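Positions 26 to 331 (the numbering used here) are the ones given, in order, by the sequence shown.
By construction, the Cβ of each residue, glycine as well, lies at the ideal position given by its N, Cα and C atoms.
Small disclaimer: the values here were computed from a predicted structure and weren't measured.
Notes to accompany the following structure.
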Amino acid sequence: MINSKLTIIDAHTHFFSHTWFQHFANLASARLPEITSAEALAVKLGWEAPAAAPEELGRRWVEELDRRGVSKQVLFASKLNDAESLAVAVRAFPQRLVGYVMIDPTQPSARDQTYYSLNLLGMKGVLLFPALHHFHAFDKKVFPIYEEAAAAAAPVFIHFGQLSIPIFQKLGLPDNIDHRFSNPEDLKIPAAEFSEVNFIVPHFGCGRFEEALAVAREFSNIYFDTASSNSWIAPPLTLAQVFQRSLTVLGPERILFGTDSSYFPRGWRQDIFDQQLQILNALQVSKQDQEKIFGGNLARLLGIGK
Numbered sequence: 026m027i028n029s030k031l032t033i034i035d036a037h038t039h040f041f042s043h044t045w046f047q048h049f050a051n052l053a054s055a056r057l058p059e060i061t062s063a064e065a066l067a068v069k070l071g072w073e074a075p076a077a078a079p080e081e082l083g084r085r086w087v088e089e090l091d092r093r094g095v096s097k098q099v100l101f102a103s104k105l106n107d108a109e110s111l112a113v114a115v116r117a118f119p120q121r122l123v124g125y126v127m128i129d130p131t132q133p134s135a136r137d138q139t140y141y142s143l144n145l146l147g148m149k150g151v152l153l154f155p156a157l158h159h160f161h162a163f164d165k166k167v168f169p170i171y172e173e174a175a176a177a178a179a180p181v182f183i184h185f186g187q188l189s190i191p192i193f194q195k196l197g198l199p200d201n202i203d204h205r206f207s208n209p210e211d212l213k214i215p216a217a218e219f220s221e222v223n224f225i226v227p228h229f230g231c232g233r234f235e236e237a238l239a240v241a242r243e244f245s246n247i248y249f250d251t252a253s254s255n256s257w258i259a260p261p262l263t264l265a266q267v268f269q270r271s272l273t274v275l276g277p278e279r280i281l282f283g284t285d286s287s288y289f290p291r292g293w294r295q296d297i298f299d300q301q302l303q304i305l306n307a308l309q310v311s312k313q314d315q316e317k318i319f320g321g322n323l324a325r326l327l328g329i330g331k
C-alpha cells in the first residue's frame, strides 16, 4: 500500500543488524546448541537473516520505505555498541535513514560513547532504558549524557513504563528488567535542568500514561511517541482516548508517529499506521496537524527535511 496523502517519518524503528543477530546467537547457544550463527537464530525465530554488510540491511529498509510510501525512518541501534553498524547504513542512505544510539549511563565510558556516537558516527539521538540498565532518569550519573545531547542538539528518547524485550522471551534468556526505574515522574528534574533538551517518551508512557501526561503537562520539552500496538492499554481506556488526551495536553506539536517496526519479512508496520490514521481522522484532527504528527514534528526536532 502506498501512503500518498501524508509525508511520513517513522520516529521509532529498530535496526536488527547481523551483529545484533550474532550477539543473541552467542547468548542463546549455551541453552540452545543448535543456534550457532546469526543465520541459525533467524531460522529459530522465523525471521529473515540480514546481510552481514550493514549497508545492505539499510538498502532493504529503503526499498521497504519506497514500497510503503514512507519518506524517512529513525532506526535504533538495538544493542549496546552497535552504532557502528547502523552508522554504515545511515551513511549509505543519508536522505532516508536516521540513527539513534543506545547508551548505558552506568558504564564508565558512557559520556565518551555518547560524544563519539553523536559527533563522529552521525547519530541524531540518544536512547536510554532505565529499567534495563538500572538507573533513575534523575541520577547525576546520567547528566553527562544529557549534556552531550544538549551540545549536539540531539533528542533523548527514554523508555518508561512496561518494558519487555521479545527476543529474550523467545530464547528463554533473563532480561534483567527492573520496573522500579520506570516512573515517568523521574523525568521532572532532567526536564527542568536541561530545558534545551527534547525528551521523547515512547508508547505514551507504556502503562504509566497518567504520570507521563502529568510530567508532559508541566514541561514543554517532553514529547510522546505513538509507537507499536500499545498493548498496554486495557479497558475501559482505548487508544483513541489516549490520543485525545495526549492531544489535549501536549497539542499536535509534541506527538511523534512511530511503528516499532523491526524485522523482515514483516517489514514496516502498515497496520499501525492505518490504525492510528483512522483514529486521528475519527477525532477530526486536521490534515495540517496530522502532517505534524506523522513527520513534521520530528523533522523539526532533528533539523532534517521531510
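Enumerate, from N- to C-terminal direction, the unbroken alpha helix (DSSP H) stretches of 4 or more residues contained entirely within the region 46 to 116.
63 to 70, 79 to 93
Among 205, 67, 129, 37, whose alpha-carbon lies nearest the alpha-carbon of residue 252?
37
Do residue 290 and residue 73 have their beta-carbon atoms positioned less than 8 angstroms apart in this structure?
yes
At least three beta-carbon pairs within less than 8 angstroms, the region 143 to 151 to the region 118 to 131:
A contact exists between the region 143 to 151 and the region 118 to 131.
Check whether the region 59 to 70 touches the region 84 to 95, taking contact to mean three or more Cβ pairs, one atom from each stretch, closer than 8 angstroms.
They do not touch, by the three-pair rule.
Name the residue from 33, 210, 307, 163 whose alpha carbon lies nearest to the alpha carbon of residue 92.
33
For residue 258, which residues of its own chain have a beta-carbon under 7 angstroms away from its beta-carbon, when the five flanking residues on both sides are left out?
264, 267
Under three-state DSSP, which class holds residue 43?
Residue 43: helix per DSSP, three-state reduction.
If we call anything under 8 angstroms between Cβ atoms a contact, is residue 156 one with residue 190?
no
Take residue 220 as the anchor and find which of 54, 246, 322, 207 has the nearest alpha-carbon.
246
Rounded to a whole number of angstroms, what is the C-alpha to C-alpha distance between residue 88 and residue 71?
21 angstroms
Should residue 79 and residue 103 be called a contact, given that it needs their Cβ atoms to be closer than 8 angstroms?
no
Exposure label - residue 307; buried when at least 16 CB within 10 Å:
exposed
Where does residue 68 land, buried or exposed, given buried means 16+ other C-beta within 10 angstroms?
exposed
Run through DSSP, which three-state label would residue 160 get?
Reduced to three states, the DSSP call for residue 160 is coil.
In angstroms with no decimal places, state the Cα-to-Cα distance between residue 98 and residue 35.
5 angstroms
Taking contact to mean 3 or more Cβ pairs, one atom from each stretch, closer than 8 angstroms, check whether the region 233 to 245 and the region 190 to 200 are in contact.
Too few Cβ pairs lie closer than 8 angstroms, so no.
Starting from the Cα of residue 210, find the closest Cα among 223, 234, 135, 129 and give me that residue.
234
On a CA-only basis, which of 324, 329, 311 is nearest residue 30? Give me that one, please.
311
When the distance is taken between beta carbons, is residue 128 closer than 8 angstroms to residue 170?
yes
Of the residues 185, 144, 41, 139, the one placed nearest residue 205, counting alpha carbons only
185
Report the residue ranges of all alpha helix (DSSP H) runs contained in full by the region 177 to 224; include only those spanning at least 4 residues, in chain order.
191 to 196, 213 to 218
Of the listed residues 229, 293, 321, 153, nearest to residue 270 (C-alpha basis):
229
Give a yes or no on whether the C-beta atoms belonging to residue 224 and residue 181 are separated by under 8 angstroms.
yes
I'd like to confirm the pairing. Which residues does DSSP put opposite residue 148 in its beta bridges?
As DSSP reads the structure, residue 148 sits in no beta bridge.
Identify the continuous beta strand (DSSP E) that holds residue 122 and give its terminal residues.
122 to 127
Beta bridge counterpart(s) of residue 250 as assigned by DSSP:
281
For residue 40 versus residue 90, is the C-beta spacing smaller than 8 angstroms?
No. Outside cutoff.
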